[in-house]
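Peer 1: Per the UniProt record's numbering, the sequence shown starts with residue 1, numbered consecutively.
Where a beta carbon is used, it is the ideal one built from N, C-alpha and C, also for glycine.
Sending over a structure as structure tokens; questions will come in a sec.
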Amino acid sequence: MAYRVIAPQRPDRYRVSVDEYRRYWREGFIIVRNLVSLEEVDELKRHAMDLLYGRVQIPGVAPPPPDATQEQLLSRFTRVHMLHRADAVAERFLLHPRILDVLEALIGPDVLALQTMLFFNPPGKGGQGWHQDAYYITTYPDTLIGAWLALDPADEENGCLWMAVGSHVEPIYPPPNEEHGFVHADGAFADLTAAENVSHLDDEVNTLSHVARKYEWVPVILEPGDVAFFHGHILHRSYPNRSKDRWRRAFVSHYCNARSWVPWNHGIPYEGDSANYQHILARGTTHLPFAKPRFGTPCAALEPPEVRGKKAGARMMGMDGEMMVVKEPPKPVQEVRAWDPEHEGAWGVRKN
């Protein structure tokens, strides 16, 4: 019998239109309006502020002092990475079924959940220069996609995303050294130059701006509950929040096809040649190892193999045909990392 994956059917399932699919592959991104309910957005926004103010503790991140001023609380960090590995709410939004519905159509049917980033971006903060996400997160085959959930209205004043429309057709411009992985085979291109100062806000310093200038730039204007899905190659950026009193909070996640090999774990050590066993199987199935959600959020990783699909390939198969999940090694290092805006390149983590 031919291998088939049946998409989960729910009353609230989001079904991607053919036009949305075409637009994603033509322009490199799409916006899905009202994908997440306002009630859920309000829940996540309240939780984000509880984390920022220290009312809910982030494991490994030093709490604010009891006498911290409002200004000190607001300047603790502008974003938190990999929160889903220590926080049930973050895991639930990483595996939000309606977000996974869209991913299933765009890069699936097999989807691996890789990363979460919670952005705060109060007035005067934030901003990141031109970059390509697959420059940082390596997958083979190259199937990376981002999902940007707006928690506040996002516009040009408070630092929304900007996309270079159609630039997902560009290759990934490599780093000038071997500081991290690279999605293309060495020597495959005749004239692919290195990118200097990727993500720097100054276009005169960030050489990717020269590539971005070949394309039309459009602001990604979002309302709470809207989700922007964008290709791992598309050039995009944001500017600092220039408003006086408006936040630009967002929950951003990254995913890839679950059959991609992923030698990436956000700088956290892992065993072997890939970190797939650290990342959650969100939809479909795979012949590669995967992690289960630590807080039990429903997803493919928790389903029996006959539900995920019987034709999962031979690698990592048990004697009875069930997929074997590789056990995670002990975690001696800090996984959740809060960005300290006062120290470029530093992480606001507790020193034990």
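1) Would DSSP call Phe182 helix, strand or coil?
2) Please classify Asn265 as buried or exposed, where buried requires at least 16 neighbouring CB atoms within 10 angstroms.
3) Just reading off the alpha helix (DSSP H) that His47 is part of, what are its end residues?
4) Which of helix, strand or coil does DSSP assign to residue 355?
5) Relative to the alpha-carbon of Gln70, which residue among Ile58, Ala62, Leu52 has its alpha-carbon at the smallest distance?
6) Would you be able to state if there are at least three C-beta pairs under 8 Å between the region 156–170 and the region 16–29?
7) Quick one: using the 10 Å Cβ neighbour count with 16 as the cut-off for buried, is Ser274 buried or exposed?
8) Tell me, please, whether the region 225–236 touches the region 149–167 by the rule of three or more beta-carbon pairs shorter than 8 Å.
9) Which runs of the alpha helix (DSSP H) fall wholly inside the region 137–190 and span at least 4 residues, in chain order?
10) Within the continuous alpha helix (DSSP H) that includes Trp25, where are the two ends?
11) Which of helix, strand or coil does DSSP assign to Val227?
12) Which first and last residues belong to the beta strand (DSSP E) in which Pro122 is found?
13) Should Glu91 go down as buried or exposed, given a rule of 16 or more other Cβ atoms within 10 Å for buried?
14) Can you grab the Cα-Cα spacing for the pair Gly321 / Ala105, in whole Å?
15) What's the C-alpha gap between His84 and Leu94?
16) To the nearest angstrom, how far is it from the Cα of Trp247 to the Cα of Ala150?
17) So, Val220 versus Ile31, is the Cβ gap smaller than 8 Å?
18) Do Ala258 and Thr286 come within 8 Å of each other at the CB atom, strictly closer than that value?
Peer 2: The short version:
1) coil
2) buried
3) 38–53 is the span of the alpha helix (DSSP H), which, as asked, contains His47.
4) Residue 355 lies beyond the range of the chain shown here (1 to 352); nothing can be said about it.
5) Leu52
6) The region 16–29 vs the region 156–170: in contact.
7) Its Cβ being crowded by 16 or more others within 10 Å, Ser274 is buried.
8) yes
9) Entirely contained in the region 137–190, not one alpha helix (DSSP H) run reaches 4 residues.
10) That run of the alpha helix (DSSP H) goes 18–27.
11) strand
12) Taken as a continuous stretch (DSSP letters only), Pro122 belongs to no beta strand (DSSP E), as it is neither H nor E.
13) Answer is buried; the Cβ neighbour count reaches 16.
14) The predicted model places Gly321 with a pLDDT of 31, which falls under 50 and marks its position as unreliable; any figure quoted below should be read in that light. The alpha-carbon atoms of Gly321 and Ala105 are separated by roughly 27 Å.
15) 7 Å
16) 11 Å
17) yes
18) yes
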